[in-house]
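Asker:
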Amino acid sequence: MSRFTIPRDIYFEDNALEVLRTFEGKKATLVIGGGSVKKNGNLARIQEHLAAADIETEVLEGYNTEPTAKMVKEGAEEMRSFAPDWIIGIGGGSAMDAAKAMWLFYEHPELSFEDATKPFELPRLRQKAKFAGIPTTSGSGSEVSNLSVVADEKTNVKYPLADFGLTPDIAIIDPVMVEDLPKHIAAYTGMDAFTHTIESYVAKPRTLYTNILALGGAEVIKDNLKASYNGDHEAGKQMHSIQAMAGMAFANAVLGNVHSLAHKSGPTFDIPHGYANAIYLPYVIEFNRAVVEDRYAEIARRLHLKGQTDKELTDSLVEYIFELNKDLGLAVTLEEFGVPEKDFEEHLDTMAQNALSDPCTGTNPRETSFEQMKDLFKASYYGKEALVKG
């Protein structure tokens, strides 16, 4: 038996924010990232809509970096004094992930962070509040997914909190929220979404539903990502919707080694999550092609890349991703990103071991050993092909 879980309602395209006027409740905690949502007037717009529904609001802000266990537990404590019946995450992946984790600890203050990291073993939610997600970037898919990525501040290692109960009740995907999206954010959040489509299409738990969303999502992203990066408003609207479809795919098919590598190295070297995915993606494809080359070839066909055989098409996909990263102003190796070789070598074994235990490694299509994970890190640092094949 397979399962496919998404928010009960998804409101999208122009004026989607107006659905907030129909919310039923008394209080809503709004969890936001940086100050941009305040400066551009969107936070005031959201509060105005909620006020029309007679909902009082409080704002928790500053969640514009990867949330830590300490941060979310402190946020949950603030929520308990306000007692909201709605929690609304507004921002990129960091803000929405923080809001989800706060929701969990708001409802279950006795839960330890260690227990929260056990995949699909979370206690029941919605005893105190419902959850809505409003993205301000076009990439994380957090507003439709069952994941919240939180770092252990003691080890600086990121852990995905995963449970179908974490899937938001409502997602509001209004393009007004990304009208002023900076180019660099458009680049690496767009690559985050692209990675979601590719990894979910080859992941072990893939299904017919996720396959169709992943293939269609990859095609639309190819048609719109560079144009969106270059300021095309219509392309930006397309990216804002399609990233949510990519989110639905990975939330149900899960992901693979690209995310495992990114989760365990991003905080160490201060690499934004989507940027890290962009770097690792072609090297992981090279590694995985030994078992799913036919599926990578199908992606390449949908993207109208060159090649007749599965090998030629997969080669074209890898080359396309390298060129896309360059076109978006992104580095194609960790070394080019600026990670010092000494620091890389110092952390290599620990990162590889942590990546090996990441939940996304378990759904990667090819089994991966500790040495192979190290080789993937090395390939991504030095710019060579993945060192373990066949």
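Start counting at 1 in the sequence shown, then tack on 47, and there's your number in our numbering.
No residue lacks a Cβ here, since even glycine has one placed at the ideal position from N, Cα and C.
#1: How do the stretch 142 to 149 and the stretch 194 to 203 stand: do at least 3 beta-carbon pairs fall below 8 Å, yes or no?
#2: With DSSP as the reference, label aspartate 362 as helix, strand or coil.
#3: Per DSSP, isoleucine 137 forms a beta bridge with which residues?
#4: DSSP on threonine 408, reduced to helix/strand/coil?
#5: Quick check: does the Cβ of lysine 273 come within less than 7 Å of any heavy atom belonging to the ligand FMN?
#6: Between valine 386 and proline 329, which are expected to be in contact by the criterion C-beta below 8 Å, what is the C-beta distance as a whole number of angstroms?
#7: How would you write the range of the beta strand (DSSP E) that lysine 205 sits in, first residue to last?
#8: Applying the 10 Å Cβ sphere with the 16-neighbour rule, what's the burial state of proline 222?
#9: From which residue to which residue does the alpha helix (DSSP H) around glutamate 125 run?
#10: Within 8 Å, do at least three Cβ pairs link the stretch 245 to 255 to the stretch 289 to 308?
#11: Can you tell me whether DSSP reads serine 189 as helix, strand or coil?
#12: Within 10 angstroms of the Cβ of glycine 437, are there 16 or more other Cβ atoms? Answer buried if so, exposed if not.
#13: Is tyrosine 58 helix, strand or coil by DSSP?
#14: So, is leucine 342 buried or exposed, given that buried needs 16 or more other C-beta atoms within 10 angstroms?
#15: Using a Cβ-Cβ cut-off of 7 Å (strictly less than) and excluding sequence neighbours within five positions of asparagine 87, which residues of its own chain qualify?
#16: Over the uninterrupted beta strand (DSSP E) stretch that includes serine 247, give me the two end residues.
#17: What would DSSP say about glutamate 161, mapped onto helix, strand or coil?
#18: Count the other CB atoms within 10 Å of the CB of asparagine 271; is the residue buried (16 or more) or exposed (fewer)?
#19: Going by DSSP, which residues form a beta bridge with glutamate 105?
#20: Whole angstroms is fine: what's the gap from alanine 265's alpha carbon to glutamate 246's?
#21: Near asparagine 89, what residues of its chain come up, given a Cβ to Cβ distance below 7 Å and the 5 sequence neighbours on each side ignored?
#22: Find out if the Cβ-Cβ distance for the pair isoleucine 220, tyrosine 58 is shorter than 8 Å.
#23: Using the C-alpha atoms, what's the distance from threonine 408 back to phenylalanine 417?
#24: Using the three-state DSSP reduction, which class does valine 197 fall into: helix, strand or coil?
#25: Only counting the same chain, and skipping five residues up and downstream in sequence, which positions put a Cβ closer than 6 Å to that of phenylalanine 178?
#26: Is the separation between the beta-carbon of lysine 205 and that of proline 314 shorter than 8 Å?
#27: Report buried or exposed for histidine 287, applying the criterion of at least 16 other Cβ atoms within 10 angstroms of its Cβ.
#28: Short check: CB of proline 131 to CB of threonine 202, under 8 Å?
#29: Could you name the residues of the same chain whose beta carbon sits closer than 6 Å to that of glycine 354, not counting the 5 residues immediately before and after it, in chain order?
#30: What do you get for proline 54, buried or exposed, if any count of 16 or more other CB atoms within 10 angstroms of its CB means buried?
#31: Under a Cβ-count criterion, where at least 16 other Cβ atoms within 10 Å of its own Cβ denotes burial, should glutamine 400 be classed as buried or exposed?
#32: Just to confirm my understanding: we take phenylalanine 391, look at its own chain, exclude 5 residues before and 5 after, and list those with CB closer than 6 Å. What are they?
#33: From what residue to what residue does the beta strand (DSSP E) around isoleucine 219 run?
#34: Output the boundary residues of the alpha helix (DSSP H) element that contains proline 314.
#35: Just verifying my parser: in three-state terms, what is the DSSP assignment at asparagine 277?
#36: Would a C-beta distance cut-off of 8 Å place proline 406 and alanine 209 closer than the cut-off?
Answerer: Let me lay it out:
#1: yes
#2: Stepping through the sequence shown from its first residue, residue 362 is reached at position 315. Three-state DSSP puts aspartate 362 in a helix.
#3: Position 90 of the sequence shown, counted from the first residue, corresponds to residue 137. In DSSP, isoleucine 137 forms a bridge with Ile79 and Ile181.
#4: Residue mapping note: residue 408 aligns to position 361 of the sequence shown, counting from 1. DSSP places threonine 408 in helix when its eight states are reduced to three.
#5: Absence of the ligand FMN is noted for the structure shown, with no ligands found whatsoever.
#6: Taking the first residue of the sequence shown as position 1, residue 386 is located at position 339. Taking the first residue of the sequence shown as position 1, residue 329 is located at position 282. Contact doesn't hold; Cβ gap of about 17 Å is too wide.
#7: Position 158 of the sequence shown, counting from 1, holds the residue named residue 205. Start and end: 204 to 209.
#8: As a first step, residue 222 is located in the sequence shown; it is residue number 175 there, counting from the start. The residue is buried, with at least 16 neighbouring Cβ atoms inside 10 Å.
#9: Mapped onto the sequence shown, residue 125 falls at position 78. Element bounds for glutamate 125: 116 to 129.
#10: yes
#11: Position 142 of the sequence shown, counting from 1, holds the residue named residue 189. In this structure, serine 189 counts as coil in the three-state DSSP scheme.
#12: Your numbering for residue 437 matches position 390 in the sequence shown. At glycine 437, the pLDDT of 40 sits below 50, so the modelled position is not reliable and the matter cannot be decided from this model.
#13: For this step, residue 58 is matched to residue 11 along the sequence shown. Three-state result, tyrosine 58: strand.
#14: For this step, residue 342 is matched to residue 295 along the sequence shown. Note that residue 342 is arginine in the sequence shown here, rather than leucine. Buried, since its Cβ has 16 or more Cβ neighbours within 10 Å.
#15: In the sequence shown, counting from the first residue as 1, residue 87 sits at position 40. These residues qualify, in order along the chain: Asp227.
#16: For the purposes of this step, residue 247 is identified with residue 200 of the sequence shown, where counting begins at 1. From DSSP, serine 247 is part of no beta strand (DSSP E) but of the alpha helix (DSSP H) over 230 to 249.
#17: Residue numbering aside, residue 161 sits at position 114 when the sequence shown is read from its first letter. Helix, per DSSP.
#18: For the purposes of this step, residue 271 is taken as residue 224 along the sequence shown, with counting starting at 1. Its Cβ being crowded by 16 or more others within 10 Å, asparagine 271 is buried.
#19: Mapped onto the sequence shown, residue 105 falls at position 58. Glutamate 105 pairs with Thr76.
#20: Here residue 265 refers to the residue found at position 218 when the sequence shown is read from its first residue. Here residue 246 refers to the residue found at position 199 when the sequence shown is read from its first residue. Roughly 11 Å between the two C-alpha positions.
#21: For the purposes of this step, residue 89 is taken as the residue at position 42 of the sequence shown. The residues are Val223 and Met224.
#22: Indexing the sequence shown from 1 puts residue 220 at position 173. Indexing the sequence shown from 1 puts residue 58 at position 11. A contact, by the Cβ cut-off of 8 Å.
#23: Here residue 417 corresponds to residue number 370 of the sequence shown, with the count starting at 1. Here residue 408 corresponds to residue number 361 of the sequence shown, with the count starting at 1. Phenylalanine 417 and threonine 408: Cα-Cα distance of roughly 11 Å.
#24: Stepping through the sequence shown from its first residue, residue 197 is reached at position 150. Three-state result, valine 197: strand.
#25: Indexing the sequence shown from 1 puts residue 178 at position 131. Here the set comprises Ile134, Trp150, Pro215 and Asp216.
#26: Position 158 of the sequence shown holds residue 205. Position 267 of the sequence shown holds residue 314. Their beta carbons are under 8 Å apart, which means lysine 205 touches proline 314 by this criterion.
#27: Mapped onto the sequence shown, residue 287 falls at position 240. Buried: at least 16 other Cβ atoms inside 10 Å.
#28: As a working note, residue 131 is residue 84 in the sequence shown. As a working note, residue 202 is residue 155 in the sequence shown. No.
#29: Position 307 of the sequence shown, counting from 1, holds the residue named residue 354. So the qualifying residues of the chain are Leu360 and Ser363.
#30: Sequence index remark: in the sequence shown, residue 54 carries index 7 (1-based). So proline 54 ends up on the buried side.
#31: Sequence index remark: in the sequence shown, residue 400 carries index 353 (1-based). That one is exposed.
#32: Within the sequence shown, numbered from 1, the residue matching residue 391 stands at position 344. Counting only Cβ-Cβ distances below 6 Å, and skipping sequence neighbours, we find Tyr428.
#33: Translated into positions along the sequence shown, residue 219 becomes position 172. Here the beta strand (DSSP E) through isoleucine 219 covers 217 to 220.
#34: Taking the sequence shown and counting its residues from 1, one reaches residue 314 at position 267. Per DSSP, proline 314 belongs to the alpha helix (DSSP H) from 304 to 316.
#35: For the purposes of this step, residue 277 is taken as residue 230 along the sequence shown, with counting starting at 1. In the structure shown, asparagine 277 sits in coil (DSSP, three-state: anything other than H, G, I, E or B).
#36: Start at 1 with the first residue of the sequence shown, and residue 406 comes out as number 359. Start at 1 with the first residue of the sequence shown, and residue 209 comes out as number 162. Yes, they are a contact pair.
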